[in-house]
Amino acid sequence: MTTTTLNAPRVIENGHYKKDQKFKVYDGPLENLPYPEHFDLDAAIDAMFTDGYAIIPGVLNKQEVADLRHLMNTSGGPDEQYDETKKGWCFNKHLNVEFHKDPHFLRYINRPGVVDIARAVLGNNCRVQSGSMWITGPGRRMPIHADFLPVALPEEYASDPRVIIPIHECVAQFYLDDLTADIGPTVVVPGSFKSGRAPEGETEWNGIKPKAAMLKAGDVLLFRFDCWHGAYSNTNKEGRRRHIMQLAYAHRRVEPGYPPMVYDKYYNPEVLAQATPEQCQLLGGRVKPEEKKY
Ligand SMILES: O=C(O)CCC(=O)C(=O)O
Ligand SMILES: [Fe+2]
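Residue numbers (the working numbering): 5 to 298.
See below:
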């Protein structure tokens with residue numbers, strides 16, 4: 005019997021940002037991603053497979069933005085514990101969303117546009133994978149990275165229009181500020197998942213520089229996990245903080261970061277009582293056959 009030595013690594017580095025890796029912050033000139041004045045669902049779904057992201061304007065109204073900001077600001081105890089400026093970092097309050105405990109979050113998970121794109125690209129029976137509320141202050145920045153690289157490919161294949169790289173997960177970022185460059189907008193390298201790999205200390209791909217999602221409070225940016233992205237530095241002199249909620253959607257086979265609703269013993273009865281059939285499905289619950297659309 006002959007044995008073959010495989011030179012290829014068995015485990016592909018998935019590209020997620022880690023402090024000890026050589027990812028680089030983009031601090032060059034900032035252009036904005038095009039802002040869709042009129043949302044077109046079909047165009048947005050297509051864009052997930054060409055640009056790797058979509059912008060959904062006006063998902064939350066002014067009152068909802070104010071309410072969610074208030075909830076974020078008042079959750080998690082005193083602010084001092086999140087202030088890491090003395091350690092050379094920044095104000096960084098990042099709270100997990102506990103879908104099984106708090107019925108408040110049900111209202112965000114099936115927003116038209118956002119959930120429609122998620123279902124179209126991940127499968128109709130996709131789920132909410134995780135959520136977080138995140139407030140960051142001056143000094144905060146995030147290097148260009150991919151959240152997860154499901155398939156590593158040589159670029160010539162990944163860029164071939166006949167090759168459709170499946171999307172396993174995507175994240176919806178709900179912005180609760182009118183963004184300006186100095187509070188560190190999210191930056192995206194459009195089309196960069198067609199590199200077939202995660203960035204290796206680069207900030208641009210194929211001559212395409214990161215562009216800012218310069219969105220308004222209530223808008224959502226949805227992007228696939230393998231699209232290169234990061235956050236511009238918050239350089240605000242008045243101490244202005246940026247507030248976002250992240251909701252990740254995933255293919256049904258991806259493990260969620262909270263107990264799926266079939267394990268209802270872990271659930272606050274209020275969540276079970278208030279969830280619509282669609283929200284139950286998105287949280288991994290049982291749906292009555294007559295209500296089963298997904
Ligand atoms: O804060 C941002 O704008 C980006 C966050 C991000 O990329 C991440 O959490 O992985
Ligand atoms: Fe990320």
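Just so you know, even glycine gets a beta-carbon here, dropped at the ideal spot from N, CA and C.
In the same chain as Tyr271, and ignoring 5 residues on each side of it, the C-beta atoms closer than 6 Å to its own belong to His104, in chain order.
Beta-bridge partners of Ser134 (DSSP): Ala252. In this chain, the beta strand (DSSP E) harbouring Phe178 covers Glu173 to Tyr179. When DSSP states are grouped into helix, strand and coil, Arg123 belongs to the helix group. For the set Pro142, Asn114, Ser136 and Gln278, the Cα lying nearest the Cα of Asn129 is the one of Asn114.
In this structure, Asn36 places its C-beta atom within 7 Å of the C-beta atom of Ala216. Under DSSP, Ile60 takes part in a beta bridge, and its partners are Val224. With respect to the C-alpha of Asp182, the residue from Ala221, Arg166 and Gly117 having the closest C-alpha is Ala221. Secondary structure at Lys296: coil, using DSSP grouped into helix, strand and coil. With respect to the 7 Å criterion, Gly135 and Val101 are classified as neighbours on the basis of their beta carbons. Under the criterion of beta carbons closer than 8 Å, Ile59 and Ile121 do not qualify as touching, at roughly 11 Å. Shown here for Val63: same chain residues with a beta carbon closer than 7 Å to its own, the five before and five after excluded, namely Arg115, Gly117, Val118, Phe178, Gly222, Asp223 and Val224 in chain order.
Annotated three-state conformation of Phe152 is coil, per DSSP. Here Ala162 is not near Ala202, since their CB atoms are 7 Å or more apart. The DSSP-derived three-state label of Met52 is helix. About 15 Å separates the Cβ atoms of Leu251 and Val69, ruling out a contact at the 8 Å cut-off.
Secondary structure in the segment 243 to 288: the beta strand (DSSP E) runs of 3 residues or longer, each lying completely within the stretch, are 246 to 254 in chain order. Short of 7 Å from the beta carbon of Arg256, and not among the five residues preceding or following it, lie these beta carbons of its own chain, in chain order: Gly127, Asn129, Cys130 and Arg131.
Looking at Gln285, Tyr236 and Cys284, the one whose alpha-carbon comes closest to that of Met146 is Tyr236.
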